[in-house]
Each structure stands twice: as structure tokens, then as C-alpha cells.
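Worksheet: the structure to be examined is printed underneath.
Chains as they are written, first to last, in the working numbering: chain A, 1 to 311; chain B, 312 to 605.
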């Protein structure tokens, strides 16, 4: 088990290095320097700016010093806001993004699991069709349509919930979390239904039923453990989508999170910020994939033996 | 064992299998409705330059935003442009991105997966390791990065989206190829001295067509969604061109006063995604009865 974790961590290092290298060289291959937008800048100033940001050094030297700083946890200064470092912006934006993603995940897992389990208990009946067609709706209604619609109905027409902000007015976190979580709830519902159906047809469940256990006991004690494995393997990669989805949700609801900063940085061509955020996001995704792999192995004794005994 | 028997039967009656699949698909109402809706949208999109009620750029600033009426079925936007015309032109772009980027993904994914699966051994291990590594990358973020650096051209969008959507296809095809390459007809082809490329293209790929078709149908909606997502953020299709995503983004700005500017493009996008997903599910049930047994 520990060996497995260590091996997975070691495997993540080249991935992160690859992301860093690709991002770095792509950004530096970009036509037009970062300061080309400001037109009336005297050449001496440009020269100084280039020196300040080491743009006049050879590429490989820049790359190594960048990686060196990364290892120290330093993402460098922001191009657009010279008084801020990329670290400042990440520290300022990440808590809101993390909180949003956290609530969205809770919403998605709760609603998705409940819908999936309910549907799996009586497949191909009305009890299956209603949650599954709602799930289809959730998958086909993109967040940038669902979000504005929720905003329009609950924020503007009914005036039940605030339309924008994060943590200023009570209830302003509800709509963004639902918007971000909805499609994941839908996927989780479908996946957990499939997983549960497979588990429910196994012999040990039949034994449990034959023993006269209640449906609730069978579901919660016996079936769920196996039934949610596909959900967990979905959750790791889903975090990547969740973070990307936060771009849209943060833009719609005007949440001062990392996603919104990233989109703004993309518009502003704030190169160091884009680079820093991309690498930071990649790091998060790698960490969550790792976590979901470890949990999967931990939940499944057969897998545990394989990774433990095989090497 | 059961699978093997099914496989052998498939080989003996290749034609009747597809007929059989089509018969099953026809019975699936949702899939057929999805197919018809999709064909309808595609025909409209193809004919748009000839049948659009107004010109694409035609502004009427005096008119401004109006509600849907007999003259403008879906109303007009704040510049007085006909919404129906704009949605129709938007469909052309969104659908084109959906199909072309999927084709790019299909090409890379199928060739990669089939090659890895057929050659096996160390080549397979290296090729699939690359896929695993790429899976861990934040792709939406990378596409944004690409569009920032190389500008927002349509070609780049096709390439960038296609280049990130091929991974799952490669995995599926490799898995299928691994199971069929041990069958006699492949051994026969090897012993007849066919080159690996001939075996892959003439014997392996045709036999994994079912899963390829199914997964392609399910890739198109995710590609369309990705493009709309980028265009919504203002990082995809640039004005004066518009896609569903940029129309929705424009609609959001004025949704308080003119909600139809948000609702209609959103509706068209959602209906398209619905149709493709139902069609994909239906095709899976029809082409791969084993997967849908539960």
C-alpha cells in the first residue's frame, strides 16, 4: 500500500514537469511580447522591464530559474499587476474557488448518489425513469445556460436568492454551488446506478436478501461499498472539470475566485499569471487523481493485494 | 466463453448484425427522435445562407431589441439583428466545430489505440503510458492557453479540441483490439504475411467499428460543449462570427430585460446535446447488446 502510494507520487513528478515545460515554452513561443499592448512605451523602459523579468536571458536559463523558483513555491511576479506576485493572486483567489468546488462536490455526490441508488432499486420502472431523465437534463444543460437561468428565475423574478457575490449576503453561495454541481450530480447518478445494478446482481447480495435483511440494510451495509467504486474513480478526474467549470460559474456570479482571475489573465495576456495558474491547476488535478486512486485501492481488497503483492 | 460465441456469430453474419442493430435502434423512440432532430438541425445549418430570413450583419438600431413576433420569430437583439438568423449562423459554426474536431479526435484516437493494441508489448506500454500522462493534464486550461497564445482561429480550435478529445477513444479501441487480435482471422492474416498496417486498417478497425461509432456520437456533444464554453468566456469564436456559446454569452448580458436572447440559443444548444446523447445511448444499446443487458 505504501509502496503503491510512493510509486504513484513518483509517477506524478514527470507529469508535472511536462506540464511546466509545455506551458513555459508555449507561453514563450507566443507571438508578441507581454508588453506589446502598451504602445507608447519608450525603448529604455521596455529594456528595463525585460531585465526585470529576465526576458533578455537565453530561454533555457529562464526555464531553469523558473523551475527553481517553482520548487521554492515562488510563481514570480504578475506581468499585469507589478505590485502583485502570482502567489498573491492565487492566495487571494483560491479559497473562494476551493469552497465553491467543495460545496458543488457535496451537492453532486449527495444528489447523485441518492438518485442513482433509488433508480437502481427498481430498474426500468417509473422509479428509474424519473431520476434518470432528470440526470439526462442535468448533463445536457450546460452550466453557462443553467446558471443564468437559475439567476433569472430565483434571483431576478422570484427574488429569493442574491444574484452575485460570495460570502457577503446570506444565501449567495447556493446558486453557484448548484450550477457547478448539477452536471456532476447527473453523471454520478448514472454511474452509481450502473455500479449498484452490477453489485445488486451479485451472489452475496442474494444471500443477504435470503437472510431476510431489509432493503436499507442491504443497500447501506452491503451494496454501497462496491457500488460507489466507479463513482470514486470518476471523482478524481471530475475535479479537473470542476475547476474548469468554476471559470464559467465565477464569471456568471461575479465570484472573486481563481477561475475568474485566470480568465482575466487570459484576456490581459498576463503571462506569468497564466503559467502559474496552469501549473497550479495541474498540480491540484494530479493530487486529486492520486487521492482517488489511493481510495480506490483502499476500498477494494483485491486491488490492495495486487498492488501490495505484485511488486 | 459466452463472449467468444457471440463474436464468432458476428463474424459469420457481418451484414445481418448491422441490420439487426438498425432494427433495434429503430425501436428506441428517444434515439430516433434524437436522430431526426439532429438531421433537421444539420439540414437547416447547411441551407442557412439560402433560407435565412435576414442578412447576418443586418442591424436595425431603431428597432432595437424586440420580443418574438411574426416578423422576427425569435425576436431581435439589442442591435436590432434578427435572432433566428443569428442562431442559424451560430449553428453552422457550432456544428462544424463539433463534427470536424470529433473527426480529428477520431483519427488520432483510433490509429493510436489500434496500433498500441495490435503491436502490444513494450510499444503498447509506452503508448498507453503517454495516454495516462496526458489524462492528468488540465485540458480545458490548456486550450485556453493555446487560444491566448496563438490567437482565436477556427482551425486552431478544431485542432486543439480534437487533440485533447482522442484519449478515451484510444483506450476504448485498444481494449477492443486486444480482445479480437487473438482470434483466428487475425492469426490467419498474420500468417498470410500481411503488414501490420494492412491488418490494422482492414481487419482490426472494421471489427471494432461498433464501439467507435458509439463513442464518436458521444464525443460530438462534449466537443460542442467545450467550444460553447470557450466562446461563452469570450475565448473561442470571435465576433463578428458567432456560435451558440457566444450568443448565450451575449444573451446573459441583457437577460434581465430580454430573456429570450438567452433562452433561444440555450434551448437550441441543449436540444442538440440531448439529441446526440440519446442517439449515442441508443446506438450503444443497438450495437453492443452486452453492455446494455442491465
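Just so it is clear, CB atoms sit at the ideal spot from N, CA and C, and this is done for glycine as well.
Does the beta carbon of residue 575 (chain B) sit closer than 8 Å to a beta carbon anywhere in chain A? As a position in the second chain, residue 575 (chain B) is number 264, starting the count at 1. No - not a single Cβ of chain A is within 8 Å of the one on residue 575 (chain B).
Which residues in chain A have a C-beta closer than 7 Å to the C-beta of residue 570 (chain B)? List them in chain order. Reading the second chain from its first residue, position 259 is the one you call residue 570 (chain B). Ordered by position in chain A, the residues that pass the 7 Å Cβ test against residue 570 (chain B) are 152.
Quick check: what's the CA-CA separation for residue 130 (chain A) versus residue 194 (chain A)? By 1-based counting over the first chain, the position of residue 130 (chain A) is 130. By 1-based counting over the first chain, the position of residue 194 (chain A) is 194. Each residue's Cα considered, the two are about 16 Å apart.
Tell me where the alpha helix (DSSP H) around residue 59 (chain A) begins and ends. The residue labelled residue 59 (chain A) in the question sits at position 59 within the first chain. Looking at the DSSP string, the run of the alpha helix (DSSP H) that includes residue 59 (chain A) is 59 to 71.
Could you give the DSSP three-state label for residue 389 (chain B): helix, strand or coil? If you number the second chain from 1, residue 389 (chain B) lands on position 78. Reduced to three states, the DSSP call for residue 389 (chain B) is coil.
Please confirm whether residue 345 (chain B) and residue 589 (chain B) have their CB atoms less than 8 Å apart. Translated into positions along the second chain, residue 345 (chain B) becomes position 34. Translated into positions along the second chain, residue 589 (chain B) becomes position 278. It is a contact, given that the beta carbons lie within the stated cut-off.
Taking only the alpha-carbon atoms, compute the straight-line gap between residue 408 (chain B) and residue 515 (chain B) and give it to the nearest angstrom. For the purposes of this step, residue 408 (chain B) is taken as residue 97 along the second chain, with counting starting at 1. For the purposes of this step, residue 515 (chain B) is taken as residue 204 along the second chain, with counting starting at 1. When rounded, the distance between both Cα atoms is 28 Å.
What residues in its chain sit with their C-beta under 8 Å from that of residue 540 (chain B), if we drop five residues either side in the sequence? Indexing the second chain from 1 puts residue 540 (chain B) at position 229. Its chain contains 451, 547 and 556 as the residues whose beta carbon lies nearer than 8 Å to that of residue 540 (chain B), once the 5 sequence neighbours on both sides are disregarded; these appear in chain order.
To the nearest whole angstrom, what separates the beta carbons of residue 444 (chain B) and residue 15 (chain A), a pair I think is in contact under 8 Å? On the second chain, residue 444 (chain B) is found 133 positions in, with the first residue counted as 1. On the first chain, residue 15 (chain A) is found 15 positions in, with the first residue counted as 1. Contact holds; Cβ gap of about 5 Å.
Which residues in chain B sit within 9 Å of residue 256 (chain A), going by Cβ to Cβ distance? Taking the first residue of the first chain as position 1, residue 256 (chain A) is located at position 256. The premise fails here: residue 256 (chain A) is roughly 16 Å from chain B at the closest Cβ pair, so nothing lies under 9 Å.
Please report the straight-line C-alpha distance between residue 522 (chain B) and residue 87 (chain A), rounded to a whole angstrom. Working through the second chain from its first residue, we reach residue 522 (chain B) at position 211. Working through the first chain from its first residue, we reach residue 87 (chain A) at position 87. Computed Cα separation, rounded: 45 Å.
CA nearest to the CA of residue 414 (chain B), picked from B:528, B:359 and B:577: Start at 1 with the first residue of the second chain, and residue 414 (chain B) comes out as number 103. It is B:528 whose Cα lies nearest to the Cα of residue 414 (chain B).
C-beta neighbour in chain B for residue 144 (chain A), strict 8 Å: The count along the first chain starts at 1 and reaches residue 144 (chain A) at position 144. True, the Cβ-Cβ gap to chain B drops below 8 Å.
Indicate whether residue 583 (chain B) and residue 416 (chain B) have their beta-carbon atoms separated by less than 8 Å. Residue 583 (chain B) sits at position 272 when you count from the first residue of the second chain. Residue 416 (chain B) sits at position 105 when you count from the first residue of the second chain. No, these two residues do not count as a Cβ contact at 8 Å.
6 Å CB neighbourhood of residue 487 (chain B) in its chain, flanking five on each side removed: The count along the second chain starts at 1 and reaches residue 487 (chain B) at position 176. The answer, listed in chain order, is 519 and 522.
At the level of alpha carbons, what is the spacing between residue 251 (chain A) and residue 259 (chain A)? Stepping through the first chain from its first residue, residue 251 (chain A) is reached at position 251. Stepping through the first chain from its first residue, residue 259 (chain A) is reached at position 259. Near 8 Å, if we compare the C-alpha coordinates of residue 259 (chain A) and residue 251 (chain A).
Among residues of its own chain, excluding the 5 on either side of residue 295 (chain A), which ones have a beta-carbon nearer than 6 Å to its beta-carbon? In the first chain, the residue the question calls residue 295 (chain A) occupies position 295. Result list for residue 295 (chain A): 232, in chain order.
For residue 184 (chain A), which of A:138, A:168, A:170 and A:196 has the nearest alpha-carbon? The residue labelled residue 184 (chain A) in the question sits at position 184 within the first chain. Taking only the C-alpha atoms, the option nearest residue 184 (chain A) is A:138.
What do you reckon, are the CB atoms on residue 427 (chain B) and residue 421 (chain B) nearer than 8 Å? Reading the second chain from its first residue, position 116 is the one you call residue 427 (chain B). Reading the second chain from its first residue, position 110 is the one you call residue 421 (chain B). No; because the gap between Cβ atoms is not below 8 Å, this pair is not in contact.
The alpha helix (DSSP H) enclosing residue 340 (chain B), as first and last residue numbers: Against the second chain, residue 340 (chain B) aligns to sequence position 29. Element bounds for residue 340 (chain B): 340 to 362.
Counting only beta-carbon atoms, is residue 590 (chain B) nearer than 8 Å to chain A? Numbered from 1 along the second chain, position 279 holds the residue referred to as residue 590 (chain B). So no, residue 590 (chain B) is outside the interface.
Do we get a CB-CB distance below 8 Å when we pair residue 451 (chain B) with the residues of chain A? Here residue 451 (chain B) corresponds to residue number 140 of the second chain, with the count starting at 1. Yes - at least one Cβ of chain A is within 8 Å of the one on residue 451 (chain B).
Within the 8 Å Cβ cut-off, does residue 468 (chain B) reach chain A? Residue 468 (chain B) sits at position 157 when you count from the first residue of the second chain. No, residue 468 (chain B) lies away from the interface with chain A (no Cβ there is under 8 Å from its Cβ).
Whole alpha helix (DSSP H) elements within the segment 383 to 460 of chain B, 4-residue minimum: 394 to 430 and 432 to 446
Is the Cβ of residue 311 (chain A) closer than 8 Å to any Cβ of chain B? The sequence position of residue 311 (chain A) within the first chain is 311, counting from 1. Legend: pLDDT at residue 311 (chain A) = 38, less than 50; position of this residue unreliable, no value from coordinates given.
Within a Cβ cutoff of 7 Å, which residues of the same chain sit near residue 238 (chain A), ignoring the five residues on either side of it in sequence? Within the first chain, numbered from 1, the residue matching residue 238 (chain A) stands at position 238. The residues are 184.
Whole angstroms is fine: what's the gap from residue 571 (chain B)'s alpha carbon to residue 67 (chain A)'s? In the second chain, residue 571 (chain B) corresponds to position 260, counting from 1. In the first chain, residue 67 (chain A) corresponds to position 67, counting from 1. Cα-Cα distance, rounded: 50 Å.
Among B:441, B:537 and B:492, which has the Cα closest to the Cα of residue 142 (chain A)? On the first chain, position 142 is the one that residue 142 (chain A) refers to. Measuring from the Cα of residue 142 (chain A), the nearest candidate turns out to be B:537.
Would the segment 264 to 278 of chain A and the segment 70 to 90 of chain A be scored as touching if the rule is three or more Cβ pairs under 8 Å? yes
For residue 125 (chain A), does the three-state DSSP call read helix, strand or coil? Taking the first residue of the first chain as 1, we reach residue 125 (chain A) at position 125. Coil, per DSSP.
Contacts of residue 269 (chain A) in chain B (Cβ-Cβ under 7 Å): The sequence position of residue 269 (chain A) within the first chain is 269, counting from 1. Within 7 Å Cβ-Cβ: 459.
Delimiting residues of the alpha helix (DSSP H) encompassing residue 487 (chain B): Your numbering for residue 487 (chain B) matches position 176 in the second chain. Segment 477 to 491, the alpha helix (DSSP H) holding residue 487 (chain B).
Unbroken alpha helix (DSSP H) run spanning residue 207 (chain A), endpoints: Stepping through the first chain from its first residue, residue 207 (chain A) is reached at position 207. That run of the alpha helix (DSSP H) goes 203 to 210.
In angstroms with no decimal places, state the Cα-to-Cα distance between residue 115 (chain A) and residue 9 (chain A). Locating residue 115 (chain A) in the first chain gives position 115, counting from the first residue. Locating residue 9 (chain A) in the first chain gives position 9, counting from the first residue. Annotation: residue 115 (chain A) to residue 9 (chain A) spans about 35 Å, alpha carbon to alpha carbon.
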